[in-house]
Amino acid sequence: MALKSSQAYNGFIAGPQTDTLLVGQELQLGGPTKIVSRVSCVGGSQGPYRFVMEQKRVALYLKNKNSSNPLLYNYDEFGNGQQSLAYVNFNTKVVHPVLPLCKAKANVNYYKIVVVEHFLNEYIEGDGPMNQAKFRDKCNKECGCLGFFYKEESSKCLLAPELGTLSKVSNSSHVAFIKISK
């Protein structure tokens, strides 16, 4: 499964470094236990994704420039017909929002989304208690913060260096604030 496009290389390597993942290649107990993406088809540098067979689960991790630790994607976020991505419509054109350069008092605003949680909320409680305005100010000052996820009932908040997958929840006091340009 080595995919190439005109803008990016998404090759995945299992086991010792090679330039191809062969059809039928497997992760095995006692054998290779992870598949690592590569930055390019020329160099052997590791890319941002790791697919890992752990003791009790299979996990996908994303390492990005805004986070010091790899972020874990939960298995049900890939769409099993009942949760998360099962309700998402995909578009073939990707348009990333452009934020202003990171500096004090940057010209940013926040887009509010109600009844959602960040995919890491299942594993990380967040900081606080603190009021929403203080979390907004904290996110404004952190260049790597792309938004924050606030739980009104506990006044706890998760600053998000990576947005990843948003999960719909029934609790209307769980709110996301996604950083956007004014």
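For the sequence shown, numbering that gives the first Met the number 0 assigns the number 0 to the initial residue and increments by one for each residue that follows.
Glycine included, every Cβ here is placed at the ideal spot set by N, Cα and C.
| field | Bridge partner(s) assigned by DSSP for L165 | value | H117, per the DSSP bridge assignment.
| From V35 to P69, what distance separates their C-alpha atoms? | Approximately 13 Å, taken between the alpha carbons.
| query | Anyone know if the C-beta pair for F176 and Y109 falls short of 8 Å? | reply | Yes, the Cβ-Cβ distance between F176 and Y109 is below 8 Å.
| query | Taking the DSSP output, what are the residues bridged to A58? | reply | Answer is V51, bridged to A58.
| request: Compute the distance between the beta-carbons of K155 and E124, then report whether it is under 8 Å. | output: In contact: K155 and E124 (Cβ atoms closer than 8 Å).
| said: I'd like to know whether the C-beta atoms of K178 and C142 end up nearer to each other than 8 Å. | reply: By the CB criterion at 8 Å, K178 and C142 fall outside the cutoff.
| query | Secondary structure at C142, three-state DSSP: helix, strand or coil? | reply | In this structure, C142 counts as coil in the three-state DSSP scheme.
| What three-state label does DSSP hand F181 in the structure shown? | According to the sequence shown, residue 181 is Lys rather than Phe. K181 falls in the coil class under three-state DSSP.
| query | What are the boundary residues of the beta strand (DSSP E) that includes I123? | reply | Membership of I123 in any beta strand (DSSP E) is not indicated, and neither H nor E is assigned to it by DSSP.
| Taking all protein chains shown into account, do 16 or more other C-beta atoms lie within 10 angstroms of the C-beta of A159, making it buried, or fewer, making it exposed? | Counting Cβ neighbours within 10 Å, A159 comes out buried, since at least 16 surround it.
| message | Measuring only the C-alpha atoms, how far is S171 from Y48? | response | The alpha-carbon of S171 is positioned some 33 Å away from that of Y48.
| task | Would you grab the beta carbon distance between F50 and L59 for me? Rounded to a whole angstrom, and I think it's under 8 Å. | result | That pair is a contact at about 5 Å.
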